[in-house]
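Letter by letter, the sequence shown follows residues 1 to 196 of the UniProt record's numbering. From the three backbone atoms N, C-alpha and C, an ideal C-beta is built for every residue, glycine too.
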Amino acid sequence: EEEEEEDDDEEDSDSEEDSSEEDSEEQGPGQEGDFNLADYDYLPVSSEIKELFEYIKRYTPKPIEMEWKLQPFIPDFIPAVGDIDAFLKVPRPDGKPDNLGLLVLDEPSTKQSDPTVLSLWLSENSRQHNVAQQIKVKSVENAEKNPKAIENWIESISELHRCKPPATVHYSRPMPDIETLMQEWSPEFEELLGKV
Numbered sequence: 001e002e003e004e005e006e007d008d009d010e011e012d013s014d015s016e017e018d019s020s021e022e023d024s025e026e027q028g029p030g031q032e033g034d035f036n037l038a039d040y041d042y043l044p045v046s047s048e049i050k051e052l053f054e055y056i057k058r059y060t061p062k063p064i065e066m067e068w069k070l071q072p073f074i075p076d077f078i079p080a081v082g083d084i085d086a087f088l089k090v091p092r093p094d095g096k097p098d099n100l101g102l103l104v105l106d107e108p109s110t111k112q113s114d115p116t117v118l119s120l121w122l123s124e125n126s127r128q129h130n131v132a133q134q135i136k137v138k139s140v141e142n143a144e145k146n147p148k149a150i151e152n153w154i155e156s157i158s159e160l161h162r163c164k165p166p167a168t169v170h171y172s173r174p175m176p177d178i179e180t181l182m183q184e185w186s187p188e189f190e191e192l193l194g195k196v
C-alpha cells in the first residue's frame, strides 16, 4: 500500500510539473517586470513563505471587460489659454515706442470695473465712511446718446444697495409704552391744534 501511495504522489507531482510547463508555454516568454521565483531564492525566509512565492506564479489574472458609455457634459470651469503674442505690432504714427506687449499686456480686455462703484463697494465692506476722503465722481458725457452707461450705473448701485445690511437704530432711552402713545389728547390740546 505504501508503494502505491508513493506512486500516486509521483504521478501527481509529474502532472503538476507538466501543467506548469504547459502554462509557461501558453504564456510565452517572460515579459519585463514579471515575477521570477529564482530572484528570491537568496531570501532567508521559512519554507512556508517560499511556498507562498510559488502561488504568485500560479495566479493568472482574469480579463474583465468594463462597460462604458460616452456621456456629453458641460464642465463648470473651462480652462482658457490666451492667444500667443506674436509681437506683430503696428507702430505709432509719431514713431515713439509704445512697448505694447513688453510693459503693457496686449490681450483682449475683460469687463472692467467702474472705479467709482468699486470705491463704494470697498468703503461699504470696510465700513470706513470717511468724509475727508476724496470721493470719485462719475460723469457721463453725452448722456442722451449713451443710455447704456446710465443703465449700468443704476444696476450697479441697485446691487450695492441690495447687499447692504438693514439699518439698525440704537436708542439711548427705552421706548415708551404703546398704550401711552395711543391715548387721546386732552381737549385743551385739540383746541390749540385747531387754532394753529
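Are residue i and residue j closer than 8 Å when you measure CB to CB?
i      : j      : result
Val140 : Asn146 : yes
Leu118 : Leu160 : no
Glu54  : Leu37  : yes
Glu191 : Lys164 : no
Lys89  : Leu100 : yes
Ile154 : Ala143 : no
Report the three-state DSSP secondary structure of residue i (helix, strand or coil).
i      : result
Val117 : helix
Pro93  : coil
Trp185 : coil
Phe73  : coil
His170 : coil
Asn152 : helix
Ser46  : coil
Gly28  : Confidence in Gly28 is poor, its pLDDT being 47 and thus under 50, which makes the residue's placement unreliable; the coordinate value appears in the next sentence. Coil.
Tyr55  : helix
Arg127 : coil
Asp23  : With a pLDDT of 48 at Asp23, under the threshold of 50, the modelled position of this residue cannot be trusted; read the value that follows with caution. Reduced to three states, the DSSP call for Asp23 is helix.
Provide the residue(s) that pair with residue i in DSSP beta bridges, ordered along the chain.
i      : result
Val104 : Leu100
What distance in whole Å lies between the Cβ atoms of residue j and residue i, which are believed to be in contact at a cut-off of 8 Å?
i      : j      : result
Ser156 : Asp114 : 6 Å
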